[in-house]
Amino acid sequence: MNNTTLRYKKPAQEWVEAFPIGNGKLGAMVFGRPFEERIQLNEESVWHGGPLQRDNVEALPNLPEIRRLLFAGQPDEAEKLAFQTMISTPEDLGPYQTLGELAIQFDREDQGEPSDYVRELDLATGVVSVHYEAGGVRFRRDSFASGPDGVIVYRLSADRQRRLFFTSTLSREEGTVSPLGSDTLVLQGQCGPEGVQYAAVLRIVCEGGRLSAEGNTIMISDADTATIYIAAATTFREADLLAVSEQKLNAAIAKGFEEVRRSHIAEHRGLFDRVALELRKAGDHPAEHESLPTDERLARFRNGDRESGLIELFFHFGRYLLLSSSRRGSLPANLQGIWNDSMTPPWESDFHTNINIQMNYWPAEVTNLAECHEPLFDYIDQLRVNGRRTAQAMYGARGFCVHHTSNLWADASITSRWLPAMFWPMGGAWLTLHMWEHYLYGGDIAFLRDRAYPAMRESALFFLDFMVQDPQGRWVTAPSVSPENSYRLPNGNEGALCAGPSMDTQMIRMLFEACLTALELLEESDEIASELRERLAGMPEQGIASNGTLMEWADEYEEPEPGHRHISHLFALHPADQITLEGTPALAAAARKTLERRLSHGGGHTGWSRAWIIHFWARLHDGEEAYANLAGLLDKSVHPNLFGDHPPFQIDANFGGTSAVAEMLLQSHAGIIELLPALPMAWPDGRVAGLRVRGGAETDIAWSEGQLSSAELRVTRDGAFRIRTAANWSIRCNDSVVSPSSDGSIVQVSVRAGDRITIHAHELNINLT
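Heads up, the sequence shown is in our numbering, so the first residue is 389 and it goes up one at a time.
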């Protein structure tokens, strides 16, 4: 038994009870119903509609007047003009859609009701298994989405021969299904007049029995085993959809089920097994808890049984979802990862760039899934192409910009008519900073030179041109918003459109400083370096409001909604490192007061918001508040299958929750490695293995009675680490002793790739196992 398995004793009835499987490009939700099975299918590029050029050419000539109105304290008039001149046509983007449904109907004759039913998702293998007994026969099903072979596999078997009788029906609300021989169904269609064409091919291979096909259904009788293989493609990547799909099916079938399963598990475990986590406290009963169905564990947790194992499971589930929805060569994970059962999902199940897609990738580097980050970088490359056009057409600026949401076609324009979100040109800056983080963790200088710096530079160019000086002479963004909040001016005017929201300034500061640091690392010169330094010197400093909180805008305004779900002006605390406890104590205190005020007014009521709040508390080294909010996430923002809940389902809470647990145990921002910086009393004993730190090392940590026992850093690149130490620690780098330090000091260790740094607490002296 372990905390890497979701287990239930009943089939899924609702979609948010089913199990997700995926290989980045293909996904499915498996319900595990004994007699009326449902398998909902997805392919990453099934999006409605085609690429569009939507930028409003009236934006640029009206930009000066919009800015004048904002600086004159007339946001309502500025917003009216922005609506008239800046909104794109059409206003909205097409949605990500389901690929279709596979329904399996079983012959119930002489079987009776099932007994001894178990449904499991093994996160370590990526295999869903269902087994039960009916009519004296033991039935089993196994399903997974293979990365190596590019197919979804669903195998049915029984412990007695010739006991499989069922029909398989493939369908989609829009699309046609036709048989191809007696063992194959073909689903085809198009996602709107200008959208992609798609095709899915399903083939069944039986041992024993008979197959026949009619319409959208295959009938199977008297079979010993039956294996369903599904492949799919769209014209987003392929030209001959049927040929590509059939080639994958034929190759997988030729390998055989056991070999396809073996290679899938080997590849999956190669990613998943990099990190291990154990959290323990007095009174935990791991064996008892792990034997319980997951929905019962969740119910007990919500009723006060705060077992640590459920948090372990939730942590592992987030990593599983990332490696299942974002793989090399795929699109990045969207608002629902890759799993969506609707033709018109909430928020189009799109790519939201004002927190959501970024949060999806917060676990990638620290939890050792850096390869899963790469689809985001590929997507950024596409956004740059379209974002150049948007920057020039709307703002007369160089570089590229991205607004708050995008789609399959990497649209960079303004979307929707909801003002508090839409007029936000910061998406490109935040996304390119993910490339910078990838470099900080991995140290790939070629990646920095060839991909990260060019993207960051192009985003920086946009802001050099877009920013304007406000009446006080400060360089600010205008027009923009503080996502998705509003403010009240002293004259009573309220607005969302604004000049100089704090988040914008913080993000641009981080971007400009990253560009300058990158130039130093690359030992290159760039004509924009002096502009970046001058602009940094002229930007607003982060202000503290009269009530002691961080100011959300460049000037102090009243907040009509003090419990707003976004706390965007804490970007400087996380994911940036401009606010730290020791470096900026006054700002850290203001950040704490901001959190307390937001939460006291009902903030943190959505899954992703709660996940971000945990990171904030972790950065403030408050393990108890971090844990309380982590428990709150599981209490209020998790579905029965542990999917995150906005509500409705939104996957960023899963990714954010996983990243938050890592942040509580290990931090490496602002140039300092901190072990157990926000360890709560609820986890007095435990270990974590395989987490990564900026600077290049994999890290194992063990602790007992709330104190570090031992740690090891396995160095992956040349450099130096600064580690915050305690007085009772002894530190060695390979065979060399590092001079002991006083309590709370920083030790610097020069390292080369392959070195090992080991840390032991004298009085405990417990080695990692």
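Glycine included, each C-beta is placed from N, C-alpha and C at the ideal position.
(1) In three-state terms, what does DSSP make of residue 822?
(2) Could you tell me whether the segment 422-434 touches the segment 1063-1072, using the rule of 3 or more Cβ pairs below 8 Å?
(3) Verify whether the separation of the beta carbon atoms of residue 804 and residue 739 is less than 8 Å.
(4) Measuring only the C-alpha atoms, how far is residue 700 from residue 681?
(5) Along the chain, where does the beta strand (DSSP E) containing residue 606 start, and where does it finish?
(6) Residue 520 bridges to which residues according to DSSP?
(7) Could you tell me whether the Cβ atoms of residue 458 and residue 887 are closer together than 8 Å?
(8) Does the structure place the segment 403-413 close enough to the segment 726-735 that three or more beta carbon pairs sit under 8 Å?
(9) So, with DSSP's three-state summary, where would you put residue 760?
(10) Give the DSSP-derived three-state secondary structure of residue 414 in the structure shown.
(11) Give the straight-line distance between the Cα atoms of residue 1001 and residue 972, rounded to the nearest whole angstrom.
(12) Would you list the residues sitting across from residue 428 in a DSSP beta bridge?
(13) Does the count of Cβ pairs from the segment 642-660 and the segment 739-749 closer than 8 Å reach three?
(14) Indicate the three-state DSSP secondary structure (helix, strand or coil) for residue 789 in the structure shown.
(15) What residue range does the alpha helix (DSSP H) around residue 648 cover?
(16) Which complete alpha helix (DSSP H) runs does the segment 898-974 hold, if anything under 4 residues is left out?
(17) Tell me the rounded alpha-carbon separation between residue 577 and residue 626.
(18) What are the start and end residues of the beta strand (DSSP E) that includes residue 1080?
(19) In chain order, what residues of the same chain have a beta carbon less than 7 Å from the beta carbon of residue 879, not counting five sequence neighbours either side?
(20) Quick check on DSSP: helix, strand or coil for residue 1153?
(21) Just list the residues that DSSP pairs residue 1091 with in beta bridges.
(22) So, with DSSP's three-state summary, where would you put residue 1163?
(23) So, do the segment 1021-1036 and the segment 994-1010 have three or more beta carbon pairs nearer to each other than 8 Å?
(24) If we count the other Cβ atoms within 10 Å of its Cβ and call it buried at 16 or more, is residue 549 buried or exposed?
(25) Contact check, residue 375 vs residue 544 under 8 Å by CB: the rounded distance?
(26) Just to confirm the assignment: which complete alpha helix (DSSP H) runs, minimum length 4, are found wholly within the segment 444-483?
(27) Apart from the five residues on each side of it in sequence, which residues of its chain come closer than 6 Å, Cβ to Cβ, to residue 956?
(28) Does the Cβ of residue 1155 have 16 or more other Cβ atoms within 10 Å, making it buried, or fewer, making it exposed?
(29) Which residues does DSSP list as the beta-bridge partners of residue 564?
(30) What is the DSSP secondary structure of residue 407, reduced to helix, strand or coil?
(31) Measure the CB-CB distance between residue 710 and residue 1043 and report whether it falls below 8 Å.
(32) In whole angstroms, what separates the C-alpha of residue 605 from that of residue 757?
(33) Does the beta-carbon of residue 769 have 16 or more other beta-carbons within 10 angstroms, so that it is buried, or is it exposed?
(34) How should residue 428 be labelled, buried or exposed, when 16 other C-beta atoms within 10 angstroms of its C-beta is the threshold for buried?
(35) Can you tell me the Cα-Cα spacing of residue 899 and residue 844, whole angstroms?
(36) State whether the segment 1102-1121 contacts the segment 1070-1089, with contact taken as three or more CB pairs (one from each stretch) at a distance under 8 Å.
Quick look at the numbers:
(1) For the purposes of this step, residue 822 is taken as residue 434 along the sequence shown, with counting starting at 1. Helix at residue 822.
(2) no
(3) Locating residue 804 in the sequence shown gives position 416, where the first residue counts as 1. Locating residue 739 in the sequence shown gives position 351, where the first residue counts as 1. No, the pair does not count as a contact, with Cβ atoms beyond the cut-off.
(4) Within the sequence shown, residue 700 is the residue found at index 312, counting from 1. Within the sequence shown, residue 681 is the residue found at index 293, counting from 1. Straight-line Cα distance between these residues: approximately 15 Å.
(5) Translated into positions along the sequence shown, residue 606 becomes position 218. Residue 606 -> beta strand (DSSP E) spans 605-622.
(6) If you number the sequence shown from 1, residue 520 lands on position 132. For residue 520, which the question treats as bridged, DSSP gives the partners 527.
(7) The sequence position of residue 458 within the sequence shown is 70, counting from 1. The sequence position of residue 887 within the sequence shown is 499, counting from 1. Yes, they are a contact pair.
(8) yes
(9) Counting from one through the sequence shown, the residue named residue 760 turns up at place 372. Of the three classes helix, strand and coil, the one that applies to residue 760 here is helix, per DSSP.
(10) By one-based count along the sequence shown, residue 414 stands at place 26. The answer is strand: DSSP assigns residue 414 an E or B state.
(11) If you number the sequence shown from 1, residue 1001 lands on position 613. If you number the sequence shown from 1, residue 972 lands on position 584. Whole-angstrom Cα-Cα distance: 19 Å.
(12) Here the question's residue 428 lines up with position 40 in the sequence shown. Beta-bridge pairing links residue 428 to 417 and 489.
(13) no
(14) Within the sequence shown, residue 789 is the residue found at index 401, counting from 1. The answer is coil: DSSP assigns residue 789 none of H, G, I, E or B.
(15) Here residue 648 corresponds to residue number 260 of the sequence shown, with the count starting at 1. Unbroken alpha helix (DSSP H) run through residue 648: 645-660.
(16) 917-926
(17) The residue you call residue 577 lines up with position 189 of the sequence shown. The residue you call residue 626 lines up with position 238 of the sequence shown. Roughly 14 Å between the two C-alpha positions.
(18) One-based indexing of the sequence shown puts residue 1080 at position 692. Start and end: 1073-1081.
(19) Position 491 of the sequence shown, counted from the start, is the residue given in the question as residue 879. 461.
(20) Reading the sequence shown from its first residue, position 765 is the one you call residue 1153. Summary for residue 1153: the model assigns pLDDT 42, below 50, so the residue's position carries little reliability; its value from the coordinates is reported in the next sentence. Residue state, collapsed to three classes: coil.
(21) Here residue 1091 corresponds to residue number 703 of the sequence shown, with the count starting at 1. Answer by DSSP bridge pairing, in chain order: 1074 and 1096.
(22) Absent from the structure is residue 1163, since the part of the chain shown begins at 389 and ends at 1157.
(23) yes
(24) Within the sequence shown, residue 549 is the residue found at index 161, counting from 1. Residue 549 should be labelled exposed.
(25) The structure shown does not extend to residue 375, since the chain is modelled only from 389 to 1157, so the question has no answer here.
(26) Segments of the alpha helix (DSSP H) lying fully in the segment 444-483: 447-459 and 463-473.
(27) Working through the sequence shown from its first residue, we reach residue 956 at position 568. Taken in chain order, the residues that qualify are 870, 871 and 891.
(28) Counted from its first residue, the sequence shown places residue 1155 at position 767. Residue placement at residue 1155 is flagged as unreliable, the pLDDT there being 46, under the threshold of 50; the coordinate-derived value follows with that caveat. Exposed: under 16 other Cβ atoms inside 10 Å.
(29) Here residue 564 corresponds to residue number 176 of the sequence shown, with the count starting at 1. Note: residue 564 sits in a beta bridge opposite 576.
(30) The count along the sequence shown starts at 1 and reaches residue 407 at position 19. Note: residue 407 maps to strand in three-state DSSP.
(31) As a working mapping, residue 710 is identified with position 322 in the sequence shown. As a working mapping, residue 1043 is identified with position 655 in the sequence shown. Contact flag set, yes.
(32) Sequence index remark: in the sequence shown, residue 605 carries index 217 (1-based). Sequence index remark: in the sequence shown, residue 757 carries index 369 (1-based). Between residue 605 and residue 757, the C-alpha separation is close to 40 Å.
(33) In the sequence shown, counting from the first residue as 1, residue 769 sits at position 381. Per the 10 Å Cβ criterion, exposed.
(34) For this step, residue 428 is matched to residue 40 along the sequence shown. So residue 428 counts as buried.
(35) Counted from its first residue, the sequence shown places residue 899 at position 511. Counted from its first residue, the sequence shown places residue 844 at position 456. If I take the Cα positions, the gap works out to 7 Å.
(36) Three or more Cβ pairs closer than 8 Å define a contact, and the segment 1102-1121 meets that threshold against the segment 1070-1089.
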